[in-house]
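*Asks:*
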Amino acid sequence: MTEHDIDGLTEEQAKTLLESLSQELAAANTAYHSEDAPKIDDASYDAKKRLNAAIEAKFPHLKREDSPSDQVGAAPSVGFGKIKHAVPMLSLANAFTDEDVYAFADRVAKFLGVDVTHLQFTAEPKIDGLSLSIRYENGHLVYAATRGDGETGENVTNNVRTITDIPNQLSNAPEVLEVRGEVYMSHADFVALNAKQEKAEQKTFANPRNAAAGSLRQLDASITKSRPLRFFAYALGAQSAPLADTQLGTVATLKSLGFSTNSLMQVFENVADMVDHYRHIERSRADLGYDIDGVVYKVDALDLQARLGFRSTTPRWAIAHKFPAETAWTRLREIEIQVGRTGALSPVARLEPVNVGGVLVSNATLHNEDYIKGLDSKGNPIRGGKDIREGDLVQVYRAGDVIPKVADVDLSQRTELEPFDFERKLEELNIPGHRKPGDAVWRYAGDEPMDEVAIEALKHFVSRGAFDIEGLGAKQIEMFFSDPDLPIRHPADIFTLQHRDAQNIPKLANRTGWGERSALNLFQAIEDKRQIELHRVIFGLGIRHVGESAAKVLAQSFGSWENFRASMAAALPGTPERAELEGIDGIGPVMAESVVAAFQSPQAAEKIDELANHLSIKPAEQLGQSDSPVAGKTLVFTGTLVKMTRSEAKARAESLGAKVAGSVSAKTDLLIAGPGAGSKAKKATDLGIETIDEDQWIELISDQ
DNA sequence: GATCCTCGAGTTCA
DNA sequence: CTCGAGGATC
916 MTEHDIDGLT EEQAKTLLES LSQELAAANT AYHSEDAPKI DDASYDAKKR
966 LNAAIEAKFP HLKREDSPSD QVGAAPSVGF GKIKHAVPML SLANAFTDED
1016 VYAFADRVAK FLGVDVTHLQ FTAEPKIDGL SLSIRYENGH LVYAATRGDG
1066 ETGENVTNNV RTITDIPNQL SNAPEVLEVR GEVYMSHADF VALNAKQEKA
1116 EQKTFANPRN AAAGSLRQLD ASITKSRPLR FFAYALGAQS APLADTQLGT
1166 VATLKSLGFS TNSLMQVFEN VADMVDHYRH IERSRADLGY DIDGVVYKVD
1216 ALDLQARLGF RSTTPRWAIA HKFPAETAWT RLREIEIQVG RTGALSPVAR
1266 LEPVNVGGVL VSNATLHNED YIKGLDSKGN PIRGGKDIRE GDLVQVYRAG
1316 DVIPKVADVD LSQRTELEPF DFERKLEELN IPGHRKPGDA VWRYAGDEPM
1366 DEVAIEALKH FVSRGAFDIE GLGAKQIEMF FSDPDLPIRH PADIFTLQHR
1416 DAQNIPKLAN RTGWGERSAL NLFQAIEDKR QIELHRVIFG LGIRHVGESA
1466 AKVLAQSFGS WENFRASMAA ALPGTPERAE LEGIDGIGPV MAESVVAAFQ
1516 SPQAAEKIDE LANHLSIKPA EQLGQSDSPV AGKTLVFTGT LVKMTRSEAK
1566 ARAESLGAKV AGSVSAKTDL LIAGPGAGSK AKKATDLGIE TIDEDQWIEL
1616 ISDQ
């Protein structure tokens, strides 16, 4: 029941309800605080609290001594609110070798069109903690948020206010200032905290990072206050005025504003010195007193950072030079085959569980057949050309501290093991598969689609970039897929779930593990997604080669579902529709074929249309809402550009909402022609397309 | 036709 | 996070 249907409640019922709610909420609170993991999800906790409050409002005299409404620490809505970052908190690209670092510097120089010797970079330790963004307005701390997915983080303001390294007030600060940095715990504090926890028979932490994370995510700020959290400031997010014109200057100003900054940050004139500094920091790693996992290099000049801008998930002007990962030796029990949503058959190593850098690892990816054989995609040997066999003693590491991989094989421990035969394994498992010449992956080749593929496709459909249906995750999908009463076999089935449940005799709400509330929550979450953005639908279809990015390009290009749908039906090879599809920037022949093919079989088309009928698909918002004169225009650059490089000009134009094409056509709005422009300029003149030179171009975008 | 850049798909554990 | 591969560029 919810707070909306307490009308008919008798006093007796209300009393009983209040009692049970009080108990449930108290238990949930304890679970949350002591184990750092809630027993019930936030939504149901909130619902219970609201119900409790509603009953208390109607029967004030029944309010209990131990009413959950009066509990401190659980006062606000449970969990943490979400905060959308004004400037996204991106992750960094990684370098694992010195060569990667040199390549990074060269890339930067090339993008800017300068010689690499003219560039300066900062180098600083990469703290192994949690990134945090703290917003100050007129010198007052207004909120602090974790990184989250980079777009949206958790509101941890109350906890952050208790961290002594972080000022609550700033003097002489600009109107708006978002300070970014890393929350961490020192080795000494970590050891002391664990000793204290043990004494109090509380849970201990595996490493300082986890301890810092656990401490920051306390619902009760007084617990956070008791934890020895520290903070290094290293960058800015949104800002009403810049603090300096270099990275180093920014950090120096942050220090003068009262923040802790890392003393090992330095500026270097050349890459060799940067790499030396990396070695220096690596050698002193054990003596620093806190965990670091590498060194971060950044282009020092902020105006150059601005010119470099961002790739889809990382800034172009920074890179993290990571320390070698921790490794561990263990026995490889067996190689299993997993099936992905596209029918890809991927080998996975089942391992004797082993601790790698504080995490128990029992699986490792083996990528594909060649990787097991010890070859990379070009046929070059990896791991010294050693193959991997079932039963081998293998060295495991976590690539990027996340994904377990096999680094090495101990051949001296190998006796009478057969080389792994991928094809024979598939035969044993009775999986029909084939590997196209030139491809690395084996794919499922049976006539009937495998259940595993359908399940993975459904998981993709409800995943975050697609429909993102709350309460319908991987686990629920697996349950519903083979459910006898309420099956979900296709995406469209999700949107008939509530209706079908209503017709059924056994109701979802009566199942074990479910209740009235959780069933309604699920149905509501599904209802919420009936109105959905076009790109989410296209992405959710799970068409091969069409990921989130391509889905957005397609949505933007076709504007509406009807438009897109009609074009897919028509765009057979050789038609004008196909030419138009392939003409879209970012869509080539392979993707065009793949996306059109997805609509060609009558069965597939029927399923897609059935799904669309359940939805109200929002047309794509036209990009380039910026008032830039080039917003929404299609531009072509030709000839030599002097003031900025081609890629820079392209990135800049796109950030202003323009589309940059490679060649002049009737759809081109503007040609920017540098010296040496040839056939493109002529064609533009012939077509009557406006042509400007580079100076006019810079003039055009200068006041943006 | 080769090379660079980016995206897509698959991967682990908590 | 990594690898493979598609698309754009030179």
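According to our numbering, the residues represented by the first sequence are 916 to 1619, in order.
Even glycine gets a Cβ: it sits at the ideal position worked out from N, Cα and C.
#1: Identify which residue in I1196, G1603, Y1359, V1309 has its Cα closest to the Cα of G1255.
#2: Could you please give the first and the last residue of the uninterrupted alpha helix (DSSP H) stretch that includes P1504?
#3: My guess is that A1620 and G1572 are in contact by the Cβ rule of under 8 Å, so how many angstroms apart are they, rounded?
#4: Do you know offhand how far Q1611's Cα is from A1566's?
#5: With DSSP run on the structure shown, which of helix, strand or coil describes W1612?
#6: What are the uninterrupted segments assigned as alpha helix (DSSP H) that are 4 or more residues long and contained completely in the segment 1314-1393, given in chain order?
#7: Nearest to V1106 by alpha carbon, out of Q1515, F1120, R1095, A1115?
#8: Could you pull the start and end residues of the alpha helix (DSSP H) that F1026 belongs to?
#9: Around the Cβ of V1575, are there at least 16 other Cβ atoms within 10 angstroms (buried) or fewer (exposed)?
#10: Could you say if the segment 1241-1255 and the segment 1303-1317 meet the contact criterion of at least three C-beta pairs nearer than 8 Å?
#11: Output the boundary residues of the beta strand (DSSP E) element that contains L1047.
#12: Checking 9 Å against the spacing of the C-beta atoms, do F1376 and G1258 come in under that value?
#13: Can you tell me which of the three DSSP states I1234 falls into?
#14: Run through DSSP, which three-state label would Q1112 get?
#15: Looking at S1397: is its Cβ nearer than 9 Å to the Cβ of D1366?
#16: Let's test the definition: count the other Cβ atoms within 10 Å of the Cβ of M1004 and tell me whether it reaches 16, buried, or not, exposed.
#17: Out of V1098, V1166, M1189, F1146, state which residue places its alpha-carbon closest to the alpha-carbon of Y1017.
#18: Taking the alpha carbon of S1378 as the reference point, which residue from A1369, Q1418, A1389 has its own alpha carbon closest?
#19: Given a cut-off of 9 Å, decide if V1091 and L1047 are closer than it, judged by their beta-carbon atoms.
#20: Are the beta-carbon atoms belonging to A1372 and G1462 less than 9 Å from one another?
#21: Just how far apart, CA to CA, sit K997 and A1059?
#22: Once the 5 residues before and after G1044 are set aside, which same chain residues still bring their CB inside 7 Å of it?
#23: At which residue ranges does the segment 1057-1083 contain complete alpha helix (DSSP H) runs of 4 or more residues, listed in the order of the chain?
#24: Count the other CB atoms, across all protein chains shown, that sit within 10 Å of the CB of S992; report buried if there are 16 or more and exposed otherwise.
#25: Quick one: is Q1084 buried, meaning 16 or more other Cβ sit within 10 Å of its Cβ, or exposed?
#26: Distance, Cα to Cα, A1115 vs S1141?
#27: Secondary structure at Q1310, three-state DSSP: helix, strand or coil?
#28: Just verifying my parser: in three-state terms, what is the DSSP assignment at F1183?
#29: Check whether the Cβ atoms of V1452 and W1476 sit closer than 9 Å, and answer yes or no.
#30: Please classify Q1529: does DSSP put it in a helix, a strand, or coil?
#31: Among the residues of its own chain, which have a CB less than 8 Å from the CB of Q1518, if the five just before and after it don't count?
#32: Could you check what DSSP says for Q1515 in three-state terms: helix, strand or coil?
#33: Looking at F1240: is its Cβ nearer than 9 Å to the Cβ of R1313?
#34: Given this structure, state the Cα-to-Cα distance separating P1649 from E1448, to the nearest angstrom.
#35: Residue range of the alpha helix (DSSP H) that I1403 falls in?
#36: With 16 as the cutoff for other CB atoms within 10 Å, does S1531 come out buried or exposed?
*Replies:* Here's the rundown:
#1: Nearest C-alpha to G1255: Y1359.
#2: Taken as a continuous stretch (DSSP letters only), the alpha helix (DSSP H) holding P1504 covers 1504-1512.
#3: A question about residue 1620 goes unanswered here, because the residues of the chain that appear run from 916 up to 1619.
#4: Taking the straight line joining both Cα atoms gives about 18 Å.
#5: Helix.
#6: Complete alpha helix (DSSP H) runs here, min 4: 1337-1344, 1366-1376.
#7: Out of Q1515, F1120, R1095, A1115, the CA that lies nearest to the CA of V1106 is found in F1120.
#8: It spans 1013-1027 - the alpha helix (DSSP H) in which F1026 sits, taken as one unbroken run.
#9: Per the 10 Å Cβ criterion, buried.
#10: Segments in contact, yes.
#11: Residues 1045-1052.
#12: The Cβ-Cβ distance between F1376 and G1258 does not fall below 9 Å.
#13: Three-state DSSP puts I1234 in a strand.
#14: In the structure shown, Q1112 falls within a helical segment according to DSSP collapsed to helix, strand and coil.
#15: Contact: yes.
#16: Counting of Cβ neighbours within 10 angstroms places M1004 among the buried residues, the total reaching 16 or more.
#17: For the residues V1098, V1166, M1189, F1146, the minimum Cα distance to Y1017 belongs to M1189.
#18: Nearest to S1378 by alpha-carbon distance, out of A1369, Q1418, A1389, is A1389.
#19: No. Outside cutoff.
#20: No.
#21: Here the C-alpha atom of K997 lies approximately 11 Å from the C-alpha atom of A1059.
#22: Only residues of its own chain outside the window of five on either side were considered, and among them E1097, V1098, Y1099, R1124, A1127 have a CB closer than 7 Å to the CB of G1044, listed in chain order.
#23: List check, alpha helix (DSSP H) in window: 1072-1075.
#24: Note that S992 scores a pLDDT of 35, beneath 50, so its modelled location is shaky and nothing firm can be said.
#25: Flag for Q1084 reads exposed.
#26: Between A1115 and S1141, the C-alpha separation is close to 14 Å.
#27: Secondary structure of Q1310 (DSSP, three-state): strand.
#28: Residue state, collapsed to three classes: strand.
#29: Taking 9 Å as the Cβ cut-off, V1452 and W1476 qualify as a contacting pair.
#30: Here residue 1529 turns out to be His, not Gln, going by the sequence shown. In this structure, H1529 counts as coil in the three-state DSSP scheme.
#31: Exclusion of the five residues before and after Q1518 leaves no residue of its chain whose Cβ lies closer than 8 Å to its Cβ.
#32: Residue state, collapsed to three classes: coil.
#33: Checking the sequence, you will find Ala at residue 1240 rather than Phe. Contact: yes.
#34: Any property of residue 1649 remains undetermined from this structure, which presents the chain solely from 916 to 1619.
#35: Counting along the chain, I1403 sits inside no alpha helix (DSSP H), nor does DSSP assign it H or E at all.
#36: Flag for S1531 reads exposed.
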